[in-house]
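There are 2 protein chains.
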Amino acid sequence: MDLTEYIGLIAGFLITCSFVPQIMRVLRLKSAREISILFTSLTLLGMVLWLTYGIKHGLIPIMLWNVIGLVLIIILLYAKMKYGRTGA
Amino acid sequence: MDLTEYIGLIAGFLITCSFVPQIMRVLRLKSAREISILFTSLTLLGMVLWLTYGIKHGLIPIMLWNVIGLVLIIILLYAKMKYGRTGA
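If you read the sequences in order, they're chains X and G. Counting along the first sequence from 1, when you hit position 65 you're at 786 in this note's numbering, and nothing is skipped either side. Counting along the second sequence from 1, when you hit position 23 you're at 744 in this note's numbering, and nothing is skipped either side.
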């Protein structure tokens, strides 16, 4: 694995991990009014497509981080459903 | 450009566009308390690295959407600075 693949792994790690403090913040505040439902649902759909893209190209970092990202965005979407008042 | 590249373009389009309603929502509510500063800053850093990855591999969708994504995440970070109370 060359340097570029490591960059991809770190890039995905950072973006995927970024959802963890966001989920924690919403759960701690027990409020998701400011979280856009369109943000969470479009991101979810986009990650499904990136996963397809990664599989087709055999790009390990894209596959790996989009699988983990999908789990996290589903948790955020659940938190929005639980704590968020309606709003796009 | 084959079908896979179109999937990548649509994936990036969806994820990049997802930031637009999120920014709109924060600006409309004039509140970004629930937005995690770690979420925005890690995403920003991750996008810079994805852009590097895309350039190294010559992957057009990754380059394109990360450039636009960077502009949007900077706007969201600005909104967090303006409207968000402190919190990780």
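Beta carbons are placed, not taken as given, at the ideal position from N, Cα and C, and that holds for glycine.
Helix, strand or coil at residue i [DSSP, three-state]
{"i": "residue 789 of chain G", "result": "helix"}
{"i": "residue 805 of chain G", "result": "coil"}
{"i": "residue 780 of chain G", "result": "coil"}
{"i": "residue 756 of chain G", "result": "coil"}
{"i": "residue 722 of chain X", "result": "coil"}
Beta-carbon spacing of residue i, residue j below 8 Å
{"i": "residue 786 of chain X", "j": "residue 725 of chain X", "result": "no"}
{"i": "residue 757 of chain G", "j": "residue 754 of chain X", "result": "no"}
{"i": "residue 759 of chain X", "j": "residue 742 of chain G", "result": "yes"}
Close Cβ partners of residue i (< 6 Å) along its chain, the five nearest in sequence each way excluded
{"i": "residue 782 of chain G", "result": "729, 730, 733"}
{"i": "residue 765 of chain G", "result": "794"}
{"i": "residue 798 of chain G", "result": "761"}
{"i": "residue 839 of chain X", "result": "No information on residue 839 of chain X is available, as it lies outside the stretch 722 to 809 that chain X covers here."}
Rounded C-alpha distance that separates residue i from residue j
{"i": "residue 790 of chain X", "j": "residue 776 of chain X", "result": "15 Å"}
{"i": "residue 803 of chain X", "j": "residue 749 of chain G", "result": "22 Å"}
{"i": "residue 780 of chain G", "j": "residue 773 of chain X", "result": "15 Å"}
{"i": "residue 744 of chain X", "j": "residue 727 of chain X", "result": "26 Å"}
{"i": "residue 796 of chain X", "j": "residue 722 of chain X", "result": "32 Å"}
{"i": "residue 778 of chain X", "j": "residue 763 of chain X", "result": "22 Å"}
Same chain only: Cβ atoms within 7 Å of residue i, ignoring 5 sequence neighbours per side
{"i": "residue 751 of chain X", "result": "804"}
{"i": "residue 835 of chain G", "result": "Given a span of 722 to 809 for chain G in the structure shown, any question on residue 835 of chain G remains unanswerable."}
Chain-order list of residues whose beta-carbon lies under 8 Å from that of residue i (same chain, five-residue window excluded)
{"i": "residue 768 of chain X", "result": "787, 790, 791, 794"}
{"i": "residue 800 of chain X", "result": "744, 747, 748, 753, 756"}
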